[in-house]
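I have placed the structure first, in the form of structure tokens, so that the comments after it can refer back to it.
In our numbering, the protein residues as written are 437 to 883.
Next up, the structure:
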């Protein structure tokens, strides 16, 4: 190989090493929020590409305070340094194994991955490691034999049917050990190498931290995935000194997450279940070292003990009718709670509700029908559903049905509900359960 060729390879390697590649896992339906947070955090230094369940992003090597910025991300579950990302057409069993052996035996990919990992670790410790020309190649003499690892394989689709997880993990472990000179350790490895193989994509990565970022260090009891809580909070657009209410706060997961992100606001949690309030109190005490300002009230979301127009925003994880039962009919319960939310919420404020797809459709329907009744056909069509814009899925409900769920105060109910406008609906995944985040706006009364 000529000297000029060597210099060209060194220059190309330097260009590649100026970019650090990562990916993160997140719940389905949340990728747009992950992309938004990454761009807010790293501005023009990041390039983002999202797929179903993963978001791949590239950061410039010049980024300062890299580790802390990565670990501060709230919308993600885990972050990985990307070792391999390969898209492919459909392969049979032999083709899949050939792909795995080729990519996991490629020292160039490992060199690039470990360079990024070193950079992040240096950023954390503040140590500076000098890079010489010899670092442009991964020499066997420089293998770190004391380093340990384990392999975690996850297959989906066709690959899951064709490959044995345990056997393939062992084979890949032997291959990586030969390639890098590392030693396998299933109990306490330095690095965990995650391999995910689907019908058309192979991704390999090393997690930056041994625990998911979604396991917040400042929350003792967590009843809702914290990335979902954070997304709901972001949709409120909280401002300095705002008063935020959760009328069905449970153990106060959402309020603690909000108070940690927006410390200069005040938070009120209401719940009728004393056992939940006890957990909420313990949660708040646990988080008190982070200076959270949360007040708890024993009360009913259908009869909130607060003054009219006294809170800026409302946020809650509403009952789906599965784990938490409500007195009477669930739809009537929702209407009663919605009317109380309207009463205590200031004009211009937002209501963010996490509920089931079925109950989300019910909320869209009653707000739409209320507008019909009060404006004689002037239907508010401003609802924008980011997941499904079709009105054909709205639950069939007549005006008489609406009067029924509004009980004996139907006129007042219609007038109040017509001042609430459904802005957005986001479909999200809650483990195996489907959920919807509904964003409702209280209009200003100009008449």
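For glycine and all other residues, C-beta sits at the position ideal for the given N, C-alpha and C.
Only a predicted model underlies this, so the values are computations on that prediction, with no experimental measurement involved.
Would you tell me roughly how many angstroms separate the C-alpha atoms of residue 692 and residue 782, rounded to the nearest one? 22 Å
According to DSSP, residue 492 sits in a beta bridge with which residue or residues? 459 and 485
Could you say if the region 646-654 and the region 505-520 meet the contact criterion of at least three C-beta pairs nearer than 8 Å? yes
Apply the 10 Å Cβ neighbour rule to residue 530 and answer buried if 16 or more other Cβ atoms are within range, or exposed otherwise. exposed
Taking 8 Å as the threshold, find out whether the region 656-663 comes into contact with the region 475-482 through three or more Cβ pairs. no
Backbone CA spacing between residue 633 and residue 587 [nearest angstrom]: 13 Å
Pull up the DSSP beta-bridge partners for residue 549, would you. Residue 549 pairs with nothing; no bridge assigned.
Span of the beta strand (DSSP E) around residue 866: 856-866
Would a C-beta distance cut-off of 9 Å place residue 457 and residue 491 closer than the cut-off? no
Residue 595 versus 558, 638 and 797, residue with shortest Cα-Cα distance: 638
Exposure label - residue 593; buried when at least 16 CB within 10 Å: exposed
Here's a check: name, in chain order, each residue in its chain whose Cβ is nearer than 7 Å to the Cβ of residue 601, leaving out the five neighbours to either side. 589 and 591
Under the three-state DSSP convention, the category residue 440 falls into: Low confidence applies to residue 440: its pLDDT is 42, below 50, so where it sits in the model is not reliable, and the reading given next is rough at best. Helix.
Should the region 755-766 be regarded as contacting the region 851-858, the criterion being three or more beta carbon pairs within less than 8 Å? no
Between which two residues does the alpha helix (DSSP H) harbouring residue 663 extend? 662-670
Where does residue 741 land, buried or exposed, given buried means 16+ other C-beta within 10 angstroms? exposed
Whether or not the region 785-795 and the region 717-734 are in contact is what I'm after, with contact meaning three or more pairs of Cβ atoms, one per stretch, closer than 8 Å; do they touch? no
Specify, as a first and last residue, the run of the alpha helix (DSSP H) that residue 537 falls within. 529-540
May I ask you to report which of helix, strand or coil DSSP gives residue 875? strand
Between the beta-carbon of residue 682 and the beta-carbon of residue 698, is there less than 9 Å? no
In three-state DSSP terms, what is residue 585? strand
Between which two residues does the alpha helix (DSSP H) containing residue 641 stretch? Looking at the DSSP string, residue 641 is not in any alpha helix (DSSP H); the run it does join, the beta strand (DSSP E), is 637-643.
Coarse secondary structure for residue 793, derived from DSSP in three states: helix
With distances taken Cα to Cα, identify the nearest neighbour of residue 800 among 709, 507 and 857. 857
Specify, as a first and last residue, the run of the alpha helix (DSSP H) that residue 612 falls within. 601-616
Residue 696 - DSSP class collapsed to helix/strand/coil: helix
Considering just the uninterrupted stretch of the beta strand (DSSP E) at residue 512, what are its terminal residues? It is not in any beta strand (DSSP E) - residue 512 carries neither H nor E in the DSSP assignment.
Note the first and the last residue of the continuous beta strand (DSSP E) segment covering residue 730. 730-734
Can you tell me where the alpha helix (DSSP H) with residue 498 in it begins and where it stops? Element bounds for residue 498: n/a, residue is neither H nor E.
Which residue wins for smallest C-alpha separation from residue 884, given the options 866, 500 and 676? Residue 884 lies beyond the stretch modelled for the chain, which goes from 437 to 883, so this question has no answer here.
For the candidate residues 558, 704, 488 and 533, whose alpha-carbon lies nearest to that of residue 497? 558
Grouping DSSP H, G and I as helix and E and B as strand, with all else coil, what is residue 884? Limits of the chain in this structure are 437 at one end and 883 at the other, which puts residue 884 out of reach.
Note down, in chain order, each residue of its chain lying with its Cβ closer than 6 Å to the Cβ of residue 755, except the 5 sequence neighbours on either side. 762
Let me know the secondary structure DSSP gives residue 559 once reduced to three states. helix
With H, G and I counted as helix, E and B as strand and the rest as coil, what does DSSP make of residue 881? coil
Nearest to residue 778 by alpha carbon, out of 612, 640 and 744? 744
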